[in-house]
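2 protein chains.
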Amino acid sequence: MAVGIGDLVSRRVREAPPAFFVPPPVPPTYDFDQGVPAPEIYPLEDLAHYAAAALTTYGPAACAYVGGEGYEDLSYGCGGLRQVLAGRIAERQGRAVGPLGVMLFNGSAQGLATVAAAFCEPGDGLVVEASSFPCMVGYQAATGAEVVTADLDGDGMVLESLERRLDELEARGIKPKLVYTIPTFQVPTGSCMPLERRQRLVELVQRRGVVLIEDACYQELYYDEPPPPSLLSLDDSGLVLQSDSFSKMLAPGLRMGWLAGTPEALGAVAVARQDLGVSQWLARAVQLYLEDGKLDPHLDMVRSVYTRKRDVALAALRTHCGDYVDFAVPGGGIYFWLELSDGVDWDQVRERAALAGVACRPGELYAGDESGRRFLRMAFLQVPDDEIERGVAVLGQALKESVLA
Amino acid sequence: MAVGIGDLVSRRVREAPPAFFVPPPVPPTYDFDQGVPAPEIYPLEDLAHYAAAALTTYGPAACAYVGGEGYEDLSYGCGGLRQVLAGRIAERQGRAVGPLGVMLFNGSAQGLATVAAAFCEPGDGLVVEASSFPCMVGYQAATGAEVVTADLDGDGMVLESLERRLDELEARGIKPKLVYTIPTFQVPTGSCMPLERRQRLVELVQRRGVVLIEDACYQELYYDEPPPPSLLSLDDSGLVLQSDSFSKMLAPGLRMGWLAGTPEALGAVAVARQDLGVSQWLARAVQLYLEDGKLDPHLDMVRSVYTRKRDVALAALRTHCGDYVDFAVPGGGIYFWLELSDGVDWDQVRERAALAGVACRPGELYAGDESGRRFLRMAFLQVPDDEIERGVAVLGQALKESVLA
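Residue numbers (this note's numbering), protein chains in the order written: chain H, 749 to 1153; chain X, 749 to 1153.
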């Protein structure tokens, strides 16, 4: 028998979890599945303008591997954009990380994968929230380290549970290396960790000597009031790295995310990185956009659109689904996390909703096990305002018809 | 003692080879170091035009994670550009791989890293050319597999040496998994593998049952006559994957590379991938550029500029350096590979050339050991035509002054 390519794959492929992004079997009429920005927020004209401006301002250097700032661009990405982002972090988070304290990635997912590879290997342990961003969990598991979960409550990761998991790992001879949290508008639950717990979490990782990855990609996307200070801003040990991205606030199609932390921490990540930096051209375009002061007015608009859509979805959920689901009102982010009442049959809801044209993402994809089966993640931004209520009404009907006798 | 972040890094960081891209200590007057395109070939106006056209043609979908073609965009990149590239591969290489036989990456380096991770793990072995692209060698070593080298001659990888290395790996209980070659204008030597050896190489990997990665990023950049058919075009087993990129023919700042192969092979690579695809926006811009038939006339211009600069460098090398170095005339690619004569002191040449403002890249960076010390890689594209001769003359003077007594 000739050897085929399928016989030659590595453990990373053989033992990979099932694909996370699986499209609904039929294109839904109401797509509450994809966690994407509202299409109306994309600054199309500004993007075209600054893409052209990057080429006229920087000329051929905007097309090169490295710009004027030097060879660090190959492992950190465009120095000009790093400088601007470092300034923004200093101003808003009070941490002067400098341009070597910012590393650009082809979307924050690539950064999360790289930081996992920089710190974790077989024999190490990581702790994530009981329901979390499955891509990051998969990247972490691919390092060969063991991934365990800490409980979540309405205020985010439960620290007593985290500490217990760290103890259990150590008792089994596994070295705890990394904690991954989404403290601000957690995915998928939407919770926001209060200041006091943030302070205790940072103190905990400093005391235990583990790396803390703060996924902060929703921190600018609050509806009502700004979230408490970031974990990065509360740390003075260098053990906290913050992941952020333009995907949800500007456009996923930019594929422009970043990590921020001390230059020492990012120096380690740079060694683990496996590409030659991000697009100079796109980075220069985003840099000029930020330098022109365009981002903050844009974010004001984004927050206003997202709040309006959240309110439309909230009213519709209360009207049509309130008898069958429980949920907290999210203060930011882009999802509702719906917990089905005991009297509702989950399998029936899923089938009926799909048949009726409504797609939501099943909760078990986030929990990684059966414990998520009582939940649905509902992303609402990409559905036009006037269709949100109709879609939620269809979902409500599916719920009603799935009540157990 | 508190634990610092430096105490927590993984083997991938602890055991990484020294950084490959190290800038010359002082910015050189004549930069023959960086392997980059001639800045005059970047199609600045077309890029600005098609970036804007992508937004008007596709609207907000050009800013999203996935375009109209579906969720595969998250692991394969923009379906529209994959379709166009698959058509080009069918037309020019006679292989109908289809859009799921093309996978876009944030530059070909990311693709090379991902394909290594998809097939290699501890206990496996890889074979690369004795002097090769160091980034890929580093990515391969990071998988935990063992990397060994096969000899090179003027026609590329020596197949008898390759077969011996495969035998030696097996004899030591290590499973050969992957062969990485740059058959067309090899880096750094510039050699081009003849058809007959290509056929035997493809037959060899089929017989041995190993994956063959063909790095073809210079295949369009020939000076005199087109190279022989690609390894991908000669394979019918699915064991050959081809890596290619727009970096050297269009602009590195696009960060747009790709892998081509059978859908089965790319399916395995997709599982190993650790990000959410490439920029839809940039991919759509490149797609429209190709659909408008812009690439082939551009490549005609690029070949003419590169041939002219090769000829300028060649004449200067013969005039100023011919007594001290040996080299083959490259038929394509973007480098000269200079072998110092026995009578020249390498350490002196390096120091004198740097002091006089000439940067070339030391050969040992490609060989990974002392065997490369007799070589210099000279990239000439980014130096203006009228400065190439002056720079080569300065190098010749440094060589002359370094002749051993």
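For each residue, glycine too, the CB sits at the ideal point set by N, CA and C.
- Using beta-carbon distances, X:V959 counts as an interface residue toward chain H, with a partner under 7 Å.
- Following the DSSP letters along the chain, one finds H:K1148 inside the alpha helix (DSSP H) bounded by residues 1133-1149.
- Judged by their CB atoms, X:A1016 and X:A866 are nearer to each other than the 7 Å cut-off.
- For X:P1110, the enclosing beta strand (DSSP E) begins and ends at 1106-1110.
- Checking the DSSP bridge columns, you'll see X:S991 partnered with X:D963, X:L1007.
- Look at H:D1023: its C-beta is under 7 Å from a C-beta on chain X.
- Between the beta-carbon of H:R843 and that of H:S981 there is about 6 Å, and that keeps the pair under the 8 Å contact cut.
- At least one CB atom of chain X sits nearer than 7 Å to the CB of H:F867.
- One alpha carbon belongs to X:P924, the other to H:A801, and they sit about 49 Å apart.
- Against chain H, the beta carbon of X:R760 has neighbours under 8 Å at A865, A866, E869, V1019, A1020, listed in chain order.
- Around the beta carbon of H:E908, a 10 Å sphere encloses fewer than 16 other beta carbons of the protein chains shown; the residue is thus reported as exposed.
- Here H:A1127 really is in contact with H:F780; their C-beta atoms are around 6 Å apart, less than 8 Å.
- In the DSSP assignment, X:L1086 falls within the unbroken beta strand (DSSP E) covering 1083-1088.
- Secondary structure at X:D779: strand, using DSSP grouped into helix, strand and coil.
- Contact annotation: the region 1125-1141 of chain H does not touch the region 751-762 of chain X, with fewer than three C-beta pairs closer than 8 Å.
- Counting only Cβ-Cβ distances below 8 Å, X:P808 has contacts in chain H at P787, E788, Y790, L792, in chain order.
- Residue contact check for X:F780 against chain H: no CB pair falls below 7 Å.
- Take H:G827, set aside five residues on each side of it, and the residues of its chain with a beta-carbon closer than 7 Å to its own are G815, E817, G818, E820, D821, P847, in chain order.
- Counting C-beta pairs with one atom in each stretch, the region 1098-1110 of chain X and the region 955-973 of chain X have fewer than three that are closer than 8 Å, which means they do not touch.
- Looking at the DSSP output, X:K923 bridges to X:D872.
- By the CB criterion at 7 Å, H:L926 and H:C883 fall outside the cutoff.
- Residue nearest to H:V885 within the set H:I961, H:H1046, H:D1044 is H:I961 (criterion: CA-CA distance).
- X:R1125 is bridged by DSSP to X:W1085, X:R1109.
- Our two residues, H:L900 and H:F1084, have alpha carbons roughly 16 Å apart in a direct line.
- For H:P976, same chain residues with a beta-carbon under 7 Å away, outside a window of 5 residues either side, are P942, L943, R946 in chain order.
- 7 Å or more divides the Cβ of H:L998 from the Cβ of H:V988.
- Classified as exposed, X:L1152 has fewer than 16 neighbouring CB atoms from the shown chains inside 10 Å of its CB.
- Each residue's CA atom was taken as its position, placing H:M1049 and H:I789 some 8 Å apart.
- Here X:G938 is not near X:P785, since their CB atoms are 7 Å or more apart.
- Taking a Cβ-Cβ threshold of 7 Å, the residues of chain X close to H:R1003 are V1026, S1027, in chain order.
- Rounded to the nearest angstrom, the gap between the Cα atoms of H:Q1022 and X:A1104 is 34 Å.
- For H:T805 and X:M905, the gap between their C-alpha atoms comes out near 44 Å.
- Per DSSP, X:E788 lies in no alpha helix (DSSP H) and is assigned neither H nor E.
- Contact note: H:A750 reaches chain X through Q954, G957, S985, using a C-beta cutoff of 8 Å and chain order.
- The three-state secondary structure of X:F853, taken from DSSP, is strand.
- Assignment of X:E908 by DSSP, reduced to helix, strand and coil, places it in the helix class.
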